[in-house]
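Encoded as structure tokens, the structure appears first; notes follow it.
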Amino acid sequence: EDQVTQSPEALRLQEGESSSLNCSYTVSGLRGLFWYRQDPGKGPEFLFTLYSAGEEKEKERLKATLTKKESFLHITAPKPEDSATYLCAVPQNAGGTSYGKLTFGQGTILTVHP
Amino acid sequence: ETGVTQSPTHLIKTRGQQVTLRCSSQSGHNTVSWYQQALGQGPQFIFQYYREEENGRGNFPPRFSGLQFPNYSSELNVNALELDDSALYLCASSLGGRFYEQYFGPGTRLTVT
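Chains A and B are the protein sequences, given in the same order. The working numbering numbers the first residue of the first sequence as 1 and each following residue consecutively. The working numbering numbers the first residue of the second sequence as 115 and each following residue consecutively.
See below:
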């Protein structure tokens with residue numbers, strides 16, 4: 001079965017201290033990789049979709065990259081408002097059947113201190 | 115454009131009871147997926163509804179059931195509640211043909227005592 005593992009589980013940064021979050025996956029025939037941001041007690045907010053190795057997407061201080069085995073979410077000069085849990089997910093393959101099961105990692109809890 | 119909405123926001127039930135959670139999909143979306151998220155974990159897929167039919171199911175027992183209505187809104191029903199059912203229940207909508215691009219609602223926090 002497809003698996004998604006995120007690291008680290010938690011990350012504490014000082015404001016302005018850049019870093020990266022990792023999402024490694026095992027899936028046959030990747031159909032995309034999704035990054036979400038989740039604030040406490042709320043639903044995940046869609047950030048990026050990556051479809052092929054080498055692809056990069058950027059949004060404000062965030063940049064997502066994809067290789068054949070993992071994805072990175074780079075955070076440049078973070079601010080306290082970037083504090084959240086960041087989740088990655090991959091679509092589950094089901095013998096060619098197309099439906100929308102996303103397999104999520106357990107998330108990385110990011111805390112940015114002022 | 116209206117986003118995904120869920121009701122109620124919070125719910126407290128007793129073990130053995132039944133519960134119904136509701137979801138309205140984003141404007142223009144015809145597919146709804148339900149997820150369970152335990153504290154400190156990523157969301158776990160329960161099932162998906164497309165054009166009022168179940169279109170995929172995760173590893174959840176039959177006491178988890180659902181419906182989708184002609185206006186694409188959806189219900190999640192859980193019978194015989196257990197303590198382990200306490201979680202954040204998330205609804206996500208998408209467009210048929212782009213099932214994976216899912217937009218989530220705010221969730222319903224269910225506590226079973």
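Ideal Cβ placement from N, Cα and C applies to all residues, glycine included.
Beta-carbon neighbours of residue i, restricted to chain B and to distances below 9 Å
i      : result
R37(A) : Going along chain B, no residue has its Cβ under 9 Å from R37(A), so there is no contact; the nearest lies around 11 Å.
F46(A) : E215, Q216, Y217 and F218
L87(A) : G156 and P157
R12(A) : The contacting residues do not exist; R12(A) stays about 17 Å from chain B at best.
Beta carbon of residue i nearer than 8 Å to that of residue j
i       : j       : result
R171(B) : N193(B) : no
L110(A) : A89(A)  : no
A77(A)  : R37(A)  : no
R223(B) : G41(A)  : yes
Q150(B) : Y203(B) : yes
E70(A)  : S24(A)  : yes
G100(A) : F213(B) : yes
T134(B) : Y163(B) : no
L50(A)  : L66(A)  : yes
S188(B) : C137(B) : yes
V165(A) : G105(A) : Outside the displayed range of chain A (1 to 114) lies residue 165(A), so it cannot be described from this structure.
G43(A)  : G221(B) : yes
According to DSSP, residues forming a beta bridge with residue i
i       : result
K63(A)  : E58(A) and H74(A)
S138(B) : T119(B)
F218(B) : A206(B)
S19(A)  : I75(A)
E45(A)  : R37(A)
G180(B) : L190(B)
Contact test: residue i Cβ vs the ligand COA heavy atom, cutoff 7 Å
i       : result
L181(B) : Because no ligand of any kind appears in the structure shown, any question about the ligand COA cannot be addressed here.
Start-to-end residues for the beta strand (DSSP E) that takes in residue i
i       : result
R223(B) : T222 to V226
N144(B) : Careful: N144(B) lies outside any beta strand (DSSP E) and carries neither H nor E.
E167(B) : E167 to R171
K127(B) : H124 to K127
F104(A) : L102 to F104
A152(B) : Neither: A152(B) is in no beta strand (DSSP E) and is coded neither H nor E.
Contact set between residue i and chain A, taken where Cβ atoms lie within less than 9 Å
i       : result
F159(B) : Q92, G100, K101, L102, T103 and F104
R136(B) : None at all; the shortest Cβ gap to chain A is about 14 Å.
R223(B) : G41
Q150(B) : The contacting residues do not exist; Q150(B) stays about 11 Å from chain A at best.
Interface partners of residue i on chain A, CB under 7 Å
i       : result
E215(B) : T49
S208(B) : G100
Residues near residue i in its chain [Cβ-Cβ closer than 6 Å; skip 5 each side]
i       : result
L21(A)  : L73, Y86 and T108
P114(A) : E15 and P80
P157(B) : Y149, Q151 and L204
E56(A)  : T65
Other residues of its chain near residue i: CB distance less than 7 Å, five sequence neighbours each side excluded
i       : result
F174(B) : I160
Contact list for residue i against chain B, beta-carbon separation under 7 Å
i      : result
P40(A) : Residues of chain B passing the Cβ test: none, with the nearest at roughly 10 Å.
Contacting residues, own chain, Cβ-Cβ under 8 Å from residue i (five flanking each side not counted)
i       : result
R129(B) : L195, E196, L197, V226 and T227
Under 8 Å by beta carbon: chain A residues contacting residue i
i       : result
Q204(B) : Residue identity check: residue 204(B) is Leu in the sequence provided, not Gln. What L204(B) touches in chain A: G43 and P44.
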